[in-house]
Every structure is written in C-alpha cells, then in structure tokens.
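Notes follow once the structure below has been shown.
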Amino acid sequence: MFASFTQIKNSITHLRIGDWLVIAISSVLVVYLFQHLWSHEHAAKVQIRVGDKVHATYDLNLARHVQVTGALGEAVIHIAHGKARFAKSPCHNQYCVHQGWLNHSGQAAICLPNQISLELIGEKKPYDTLNY
Amino acid sequence: MRKWLTRLLLIALLALGLFTLRSFQQAPLHHSQSYVFGTLVDISIVGETDERAAVLSNHILRDFQQLHQQLHAWKTDKQGKPSELGKLNSAFAQGNAPINLSLQLANMLEDAQALSSQSQGLFNPAIGHLISHWGFHKDEFAAIEIDEAKIASLVKDKPSMADIVIKNHTAYSNNPQVKLDLGGYAKGYALDMAAHYLRQQQVNNALINIGGNIIAIGKNGDKPWRVGIQHPRNPSAIATLDLDDGWAIGTSGDYQRYFMRNSKRYCHIIDPRNGYPVQHTQAVTVLIPPHNKAGVLSDVASKPIFIAAPADKPQAAAKLGITHFMVIDAESNVVITQAMAKKLNWSDANFEKNHHVRVIHTD
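Structure follows, in structure tokens:
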C-alpha cells in the first residue's frame, strides 16, 4: 500500500529532466497564483470606531447585532454573511443607514453626527485612504 | 542537468522565502482618526515610533480644533462667544467700520479673494447668507420650504469677496450682505498647515485626510500612497490612484451634505449666480501637483468646476490652472482629462471598459 522510504528515494533518483521541469514550473506557478488570486476582495473583519478610538473588531462571518453608543446616542450595527451595515442610528439624515451593506475590503460607512465609523478589513487593503 | 534544475527549484524557494520575509518587514504605520471640522480626520504616519507618531498626530489635531473654532460659520464657543470669523461677519453686517483680525485670517481672506476672482466668482465664500437660507448652517439640517423671492433677493445683493477690504490687520466690507463661510477653503488650508508641520518635524512619510481632502508626504513603505475615490451613489470606490509625494486630491460631491425634497436632491454646493443648489453634477475630483498651497487648491478648485454648466467645466478648470480633473454628471457619466485618466485605475468594471467615460484633452 504505502511506498517505503527506499522506494521514494529510488523514484526521486529516477526522476527525469521533464519531471524536474514540471516540479519547478508548478512550484513557481503555485507561488504566483497564491500571490495574485488569494481573495483580497472579500473582507474578513469589520472595525468599528467611536470618536478617535477603535471600539471593536468583529469577524464578518459570525452573525451578530452590535449596539454602540456614539456622540448622539445608540446605533445598531448588523453583521452577517461577510457583510456589515448600520441598521439603526440616532442621527437626523440617516446617510449611514442608507449606505446599506458593505462587503468589500476597504469599504467604509461613516456617521459624522454620531461619530461612529465602520471599515471592512481584508487580507490586503485596496487603498490607504478614501477620497470623497 | 539535474543539478541545474535542483538549483532552479532552490532559487524559486528562496524567492518565496524573501517575499514572505519582506511582507513582515513593512515600516510601522501609525493610524489615528478623529472628528474635526464636522468631518472625519484621518492621519497615517509611517516610519516613526508609535509614541512620536501619536504626539505628532495629536499636535495636528489640536491645530485643527483651533482653526475650526476660529473659522466656525455659525457656532459660538463654550462661553457663548462667536468665532473670529463670526465676529467679522457681525461687523460686516453692521456697516463698514474696520475691525481687527489676526494675520492668519487676513492671509486666508486675501488668498480666498484671489481664488474667487480667478474663478470669476464661482468660488464665492461670501454667500454665507444663501448657504444659511438653504439650511446648511446646522449640524442637523432638514428639507426647507423653497422661498423663491428670498433666494432672488439674496442673489441680487451680490455679496462678493471683492467687497472686503483688508488693510493693516483690519478688515471691513463695502457690502453689508457679505457673510463669510470658509467651508470650501478651511479643510484645504488645514491640509497645507499639517503637511508643512510634518515636513518641518522631518517626517518623510505621511498621509492626511480631512473629510475626503487628502495630501500625501512620501510613500507608504516601498509603495506610493494609494487613494480610493468614492462612487457618488454606491458605498464603494469607483477608482484608485497613487498619490505621490506632495500631491493633493479633493472632491466636491452632492452626496456629502444634502436633503431630498419631492424626490429631488438639494446639495450644499450653491451656484452664487442663481442661488440654487447645483443639480447637473454628482461629483468633481481634482488632483493637484506638488505646490505650497496644494491642499487649498484641492479644496477650492473642485467648486467652480462643480458649479459651472457641463459645457463650461473645462474653462472653469483652466482658469484655476487645473489639468487633472474628473466630472461625474447627473446621469453618472464620466468626463475626465487625459492627464487624470493616465493616473487612474478603475475599480468599477463598467468604467474599466470605458463605458460612460469620455476623455478630454486640456492642452
């Protein structure tokens, strides 16, 4: 069933140029594909900031409702299935709630009146900051 | 031959190892966020110790707070006293007796006068009464009843930066209807101030973002600072670009401060010629090359381009010497200068295929 150590050793010494070439090229390919295709797009975590402090960081795949108290009052943030959103906010214009679900790394929703921000964090940041 | 291939494999493994190592050796990034100027201030500093970066960031934030209090268009301080700008506005309203002002405010006003005249009055910080009438001089503004007669009379008063006379640290206005609102200038001024301070402190790598207006110093490690440009209607970036050392970027949008009335959008950017919020444009982004007032220009220059009618936008940009700009119109079509298009990477698949994008030449 299992190849003995000598058998493995034998098969390695009997590898031909083509075999080595396949091993070499495929290793380089694996490294290359890992670098380029490892999903940066979908975010893994959401960072909630209140004022100038990081309030908490949550895994996006664990569904939960988070209550956070900002400058105006209590906001509710929903997290589920790799997404996050402001569900309730005490602010007047409700821009933050209207932003809806965020699901890509780098996306952010900011409630200026209540001074709460959500930022999605992934493997890699698509940009360092946002111009708006 | 086999030896040669083994070596090849070894080299590949070594390269992988080096790559992994490098990703752990990124220079430390200190990131701080705060709320000033009624918006979010975001400071990133690279290559300094956490302690020093925190001290520098706090210094900048204190300067911003002070500037905000000095220039607030409608709030009084904790003792109920108006801001320096508020006092100036009351004096302007009461007649043309000169009142004292700080050298800093005098310099700002002279600069704003020059920019206003250069933009042929489309950048007009003297229309505070109009902005206030539309309800935007409140933290929590709401839809207003539109009073056509009142708006017409506020336009007819022709408040202009040219009405203000600044001499020997004093100022007065020849038009009592002038009410200054530096909302389209102060954030840019603050960017230049902070960038100047950081360079003085020998900080070589930093990124400052005040409510979406950004200035870059140096790089982020071995890469340039990368900025995402907000889509005016979706919560995602429409494109990204690298902001090199000394460059600044600013956007005027109809999605930052606005209210809806009868399913029409009324944004905070008001055309001084007719007194109404602009409705033909969703966003204008300008990119400013290194310059000692790059921050100010990134804040100011997007306004005249935003306000000008679609056909007049290139001329409005040219008057302020702007070569890199992008316009997103009311139908979400993009007009972009070739110089700007070269710097931009679309994140949005439609735009990447150049659907709804028109490239114009400015030279």
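Chains A and B, in that order, are what the protein sequence lines are. Quick note on numbering: the first sequence equals residues 1406 to 1537 in our numbering. Quick note on numbering: the second sequence equals residues 162 to 524 in our numbering. We put the beta carbon where it would ideally sit given N, CA and C, even for glycine.
C-beta contact flag for residue i and residue j at 8 Å
i: Phe198(B); j: His220(B); result: no
i: Val216(B); j: Asp353(B); result: no
i: Lys340(B); j: Asn250(B); result: yes
i: Leu190(B); j: Val202(B); result: no
i: Gln443(B); j: Ser493(B); result: yes
i: Gly411(B); j: Asn453(B); result: no
i: Gly345(B); j: Asp460(B); result: yes
i: Ala1476(A); j: Gln1512(A); result: no
i: Asn1536(A); j: Gln231(B); result: no
i: Asp432(B); j: Ile468(B); result: yes
i: Ile376(B); j: Ala356(B); result: yes
i: Ile489(B); j: Val520(B); result: no
i: Gly1505(A); j: Pro393(B); result: no
i: Gln1472(A); j: Val1459(A); result: no
i: His1497(A); j: Pro1531(A); result: no
i: Gln440(B); j: Ala491(B); result: yes
i: Ala1449(A); j: Gly1527(A); result: yes
i: Pro385(B); j: Trp295(B); result: no
i: Asp1457(A); j: Ser193(B); result: yes
i: Val1436(A); j: Leu404(B); result: no
i: Asp415(B); j: Arg426(B); result: yes
i: Leu170(B); j: Ala1429(A); result: yes
i: Pro465(B); j: Phe225(B); result: no
Simplified DSSP assignment, three categories, for residue i
i: Asp324(B); result: helix
i: His429(B); result: coil
i: Cys1516(A); result: strand
i: Ser280(B); result: coil
i: Ala1492(A); result: strand
i: His191(B); result: strand
i: Ile399(B); result: strand
i: Leu1467(A); result: coil
i: Arg1421(A); result: coil
i: Ala523(B); result: The sequence shown places Thr at residue 523(B), rather than the Ala named in the question. Correct three-state label for Thr523(B): coil.
i: Ala332(B); result: strand
i: Phe297(B); result: coil
i: Ala1461(A); result: strand
i: Glu271(B); result: helix
i: Lys380(B); result: coil
i: Ile1428(A); result: helix
i: His1445(A); result: Residue placement at His1445(A) is poorly supported in this model, since its pLDDT is 49, which falls under 50; the coordinates still yield a value, given next. The answer is coil: DSSP assigns His1445(A) none of H, G, I, E or B.
i: Ser413(B); result: strand
i: Arg418(B); result: coil
i: Glu306(B); result: coil
i: Pro1531(A); result: coil
i: Ser244(B); result: coil
i: Lys164(B); result: helix
i: Gln265(B); result: helix
i: Lys317(B); result: helix
i: Ser251(B); result: helix
i: Asn1415(A); result: helix
i: Gly389(B); result: strand
i: Leu1523(A); result: strand
i: Lys1450(A); result: strand
i: Leu291(B); result: helix
i: Lys340(B); result: strand
i: Ala1476(A); result: coil
i: Asp258(B); result: In the sequence on display, residue 258(B) carries Ala and not Asp. Residue state, collapsed to three classes: coil.
Integer-rounded CB distance, given that residue j should sit under 8 Å from residue i
i: Leu1525(A); j: Ser1510(A); result: 5 Å
i: Lys504(B); j: Leu448(B); result: 7 Å
i: Gly407(B); j: Ala455(B); result: 6 Å
i: Leu359(B); j: Ile378(B); result: 6 Å
i: Pro152(B); j: Ala275(B); result: Outside the shown range of chain B (162 to 524) lies residue 152(B), about which nothing can therefore be said.
i: Ala303(B); j: Gly436(B); result: With a Cβ gap of about 19 Å, Ala303(B) and Gly436(B) do not count as contacting.
i: Gln279(B); j: Leu481(B); result: 6 Å
i: Ala477(B); j: Ser1432(A); result: Between Ser1432(A) and Ala477(B) the Cβ distance is about 56 Å, and since that is not below 8 Å, they are no contact.
i: Gly247(B); j: His233(B); result: 7 Å
i: Ala470(B); j: Thr523(B); result: About 18 Å separates the two Cβ atoms, so there is no contact after all.
i: His298(B); j: Ile292(B); result: 6 Å
Amino acids of chain D, ordered along the chain, whose beta-carbon sits closer than 9 Å to that of residue i
i: Ile1515(A); result: Although the question refers to chain D, the structure presented lacks it and instead comprises the protein chains A and B.
key: Whole alpha helix (DSSP H) elements within the segment 433-519 of chain B, 4-residue minimum   = For the segment 433-519 of chain B, the continuous alpha helix (DSSP H) assignments of 4+ residues that do not extend past its boundaries occur at 455-461, 463-468, 474-480, 499-504, 510-513, in sequence order.
request  = Starting from the N-terminal side, write out each stretch of the alpha helix (DSSP H) that is 4 residues or longer and does not extend beyond the segment 192-236 of chain B.
outcome  = Counting only runs of at least 4 residues, the segment 192-236 of chain B fully encloses the following alpha helix (DSSP H) elements, listed from N- to C-terminal order: 211-232.
message = Across the segment 1482-1501 of chain A and the segment 1464-1473 of chain A, are there enough close Cβ pairs to call them in contact, namely three or more that are closer than 8 Å?
response = A contact between stretches requires three or more CB pairs, one per stretch, nearer than 8 Å, and the segment 1482-1501 of chain A meets this requirement with the segment 1464-1473 of chain A.
inquiry  = Assess contact between the segment 287-300 of chain B and the segment 315-328 of chain B, defined as three or more Cβ pairs (one per stretch) separated by less than 8 Å. Is contact present?
reply    = Contact annotation: the segment 287-300 of chain B touches the segment 315-328 of chain B, with at least three C-beta pairs closer than 8 Å.
query = What are the uninterrupted segments assigned as beta strand (DSSP E) that are 3 or more residues long and contained completely in the segment 347-371 of chain B, given in chain order?
reply = Every beta strand (DSSP E) of 3 residues or more that sits fully in the segment 347-371 of chain B is shown, in chain order, as 367-371.
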